[in-house]
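A.B. asks: Below: one structure in structure tokens.
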């Protein structure tokens, strides 16, 4: 089936796209920057360049679309809302969806629309079901209008009101983790507000469930069966990280920091998952304590994790040929780092090979010695810093046969020197630099004819 995913480069879109591509569907995506999207997407995809906020698209590829998963929308968390930010949040969902539907053929079989539990507004202890009316705040209006536009799509329409998505690789969890990892995290206000959560694996499965099952239509809540209070969530999160639970954070402080956007953090939304389960969906993750314990495992010893995926339309054998030459690391490393290999201990890379190189970190020269801990051509190798600027740098490279090409994954465990204070002072800047290094690498690989 020809399936269009909007918001394909987002947290949920990537997971949905990987699964659908592996099932044999042909995936299409819409992006304002097609080249950037291709370097980010972890699955084969035809990217249509365009901006749906500006108007409908006339690309002929859209006339072949049979199904749509609509996940478009500017982020609502992480910053204050001014009038411009609110317009982007609204237009990217409501106007974008209106123009999306105008771009599609009338023969669409199914349209799965994204929404959010912000639809309900602050409901205190009330259990929210799908037939409840929307709230009165800004996000309630956005989601209600968004759903109204989705309902106009041809074919069968399902709408998923997504809860707080728990993932180790971004989203709301990334925002919540920092103060708790620092030992400064506490519950908000009195902590009695409800949090309706769901794991990234389950929300991706839920969108696909709605796509594939003809009896699924209308709105339903994308949340796990057991919502919890903010106090309970905060207590379990602190415990999962081996950190103390700090003093409560007054709501007035959150309001002062985020302004109107504080409503996304402090509102109480206690959603039922009964309808999704009645339709036949089965959740993989229903226990918050177990979920957070697994998610926080690497952070308990103050390690950080960087994870990246990229689809490359060549075989693992061919891409491994490129990576097994250590001098190619110079090609895929940003020039600002002045990366140079000085010595390789063996003629051919193998388990136990030592590589010495120099680079500059923020202009300061540094020496680095790496050992190849594992070497399994053409699917995996692991390098481990023996000497260098980090207390720990353990990088796992994997190359999996996927949809006629390769799904390349990088998983880096790293730890900064100087313990807690080194982490607190430098981690934000180091993480940005690590992200920039891998961004450069992805863009290089996307353009390089490996």
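Residue numbers (the numbering used here): 30 to 479. Quick reminder that beta carbons are idealized off the backbone N, C-alpha and C, glycines included.
1) Of all the options 301, 397, 387, which has the alpha carbon lying nearest to the alpha carbon of residue 156?
2) Look at the alpha carbon of residue 461 and the alpha carbon of residue 67, and state the distance between them as a whole number of angstroms.
3) Taking 8 Å as the cut-off, does the segment 255-264 touch the segment 220-227 (at least 3 CB pairs, one atom from each stretch)?
4) Going by alpha carbons, who is nearest to residue 151 out of 336, 426, 297?
5) Use the C-beta contact count for residue 375: other C-beta atoms within 10 angstroms, 16 or more gives buried, fewer gives exposed.
6) Check whether the Cβ atoms of residue 32 and residue 78 lie closer than 8 Å to each other.
7) With 16 other CB atoms within 10 Å as the buried threshold, where does residue 171 fall?
8) What residue does the alpha helix (DSSP H) around residue 346 start on, and which one ends it?
9) My assumption, with CB atoms under 8 Å, is that residue 82 sits in contact with residue 125. Please give the rounded CB distance.
10) For residue 366, which residues from the same chain have a beta carbon less than 7 Å from its beta carbon, with the 5 sequence-adjacent residues on both sides left out?
11) Identify, in the order they occur along the chain, each residue of the same chain with its Cβ nearer than 7 Å to the Cβ of residue 420, setting aside the five sequence neighbours on each side.
12) Express the C-alpha separation of residue 141 and residue 111 in angstroms, rounding to a whole number.
13) What are the uninterrupted segments assigned as beta strand (DSSP E) that are 3 or more residues long and contained completely in the segment 35-93, given in chain order?
14) Taking DSSP as the reference, what is the three-state secondary structure of residue 375?
15) Based on Cα-Cα distance, which residue from 413, 119, 233 lies nearest to residue 312?
16) Taking a contact to mean a Cβ-Cβ separation below 8 Å, would you say residue 71 touches residue 339 in this structure?
17) Alpha carbon to alpha carbon, how far is residue 439 from residue 161?
18) Quick check on residue 471: does DSSP put it in helix, strand or coil?
19) Just mark residue 108 as buried or exposed, buried being the case when its beta carbon has 16 or more other beta carbons within 10 Å.
20) Can you tell me which of the three DSSP states residue 394 falls into?
21) What is the DSSP secondary structure of residue 466, reduced to helix, strand or coil?
22) Just the C-alpha distance for residue 213 and residue 275, rounded to the nearest angstrom, thanks.
23) Would you say residue 299 lies against chain B (beta-carbon separation less than 8 Å)?
24) Could you spell out the range, first to last residue, of the beta strand (DSSP E) harbouring residue 121?
25) Please go through the same chain and pick out, in chain order, the residues whose beta-carbon is closer than 6 Å to the beta-carbon of residue 127, but skip the five residues on each side of it.
26) Whose C-alpha, out of 417, 413, 442, 347, is nearest the C-alpha of residue 332?
27) Mind reading off the beta-carbon distance from residue 185 to residue 249? Whole number of angstroms is fine, and I expect it under 8 Å.
28) Out of 476, 147, 80, 308, state which residue places its alpha-carbon closest to the alpha-carbon of residue 191.
29) State yes or no: is the C-beta of residue 40 within less than 8 Å of the C-beta of residue 139?
30) Would residue 237 and residue 48 be called neighbours here (beta carbons separated by less than 8 Å)?
31) Take the Cβ of residue 345 as the centre, count every other Cβ of all protein chains shown within 10 Å, and call the residue buried at 16 or more, exposed below.
32) Residue 132 and residue 175 - do their beta-carbons sit closer together than 8 Å?
33) Measure the alpha-carbon distance for residue 426 versus residue 136 and round it to whole angstroms.
34) DSSP puts residue 404 in a beta bridge; with which residues?
35) For residue 286, count neighbouring Cβ atoms within 10 angstroms of its own Cβ and tell me buried if that reaches 16, exposed if not.
C.D. replies: According to the data block:
1) With distances taken between Cα atoms, residue 156 lies closest to 301.
2) Going by the C-alpha atoms only, they are around 21 Å apart.
3) Touching, yes, given that three or more Cβ pairs across the two stretches are closer than 8 Å.
4) When only C-alpha atoms are compared, the closest one is 297.
5) When all chains shown are included, residue 375 counts as exposed.
6) Contact: no.
7) Residue 171 is classed as buried because its beta carbon has at least 16 other beta carbons within 10 Å across all chains shown.
8) Looking at the DSSP string, the run of the alpha helix (DSSP H) that includes residue 346 is 345-352.
9) Distance from residue 82 to residue 125 at the Cβ level is roughly 5 Å; contact confirmed, criterion being Cβ atoms closer than 8 Å.
10) Hits under 7 Å: 388, 389.
11) If we look at residue 420 and ignore the five residues flanking it on each side, its Cβ neighbours are 444, 445, 446.
12) In this model, residue 111 and residue 141 are separated by some 30 Å (Cα to Cα).
13) Counting only runs of 3+ residues, the beta strand (DSSP E) found wholly inside the segment 35-93 occupies 55-60, 75-78, in chain order.
14) The answer is coil: DSSP assigns residue 375 none of H, G, I, E or B.
15) Distance from the Cα of residue 312 is smallest, within the candidate group 413, 119, 233, for 233.
16) The criterion of a C-beta distance shorter than 8 Å is satisfied by residue 71 and residue 339.
17) If you take the alpha carbons of residue 439 and residue 161, they lie about 44 Å apart.
18) Correct three-state label for residue 471: helix.
19) Burial call: exposed.
20) DSSP, read as helix, strand or coil, puts residue 394 in strand.
21) Judged by DSSP in its simplified three-state form, residue 466 adopts helix.
22) Cα-Cα distance, rounded: 5 Å.
23) The structure shown has no chain B; it contains just one protein chain.
24) Boundaries for residue 121: no beta strand (DSSP E) harbours it, and the DSSP string shows neither H nor E there.
25) Cβ within range, chain order: 178.
26) Comparing C-alpha distances from residue 332 to each of 417, 413, 442, 347 shows the shortest one belongs to 442.
27) With a Cβ gap of about 13 Å, residue 185 and residue 249 do not count as contacting.
28) Closest option to residue 191, Cα to Cα, is 147.
29) No. Outside cutoff.
30) Yes, the Cβ-Cβ distance between residue 237 and residue 48 is below 8 Å.
31) Residue 345 should be labelled buried.
32) Contact flag unset, no.
33) Answer to the nearest angstrom: the Cα atoms are 43 Å apart.
34) DSSP lists 410 as the beta-bridge partner residues of residue 404.
35) Exposed, by the Cβ-count rule.
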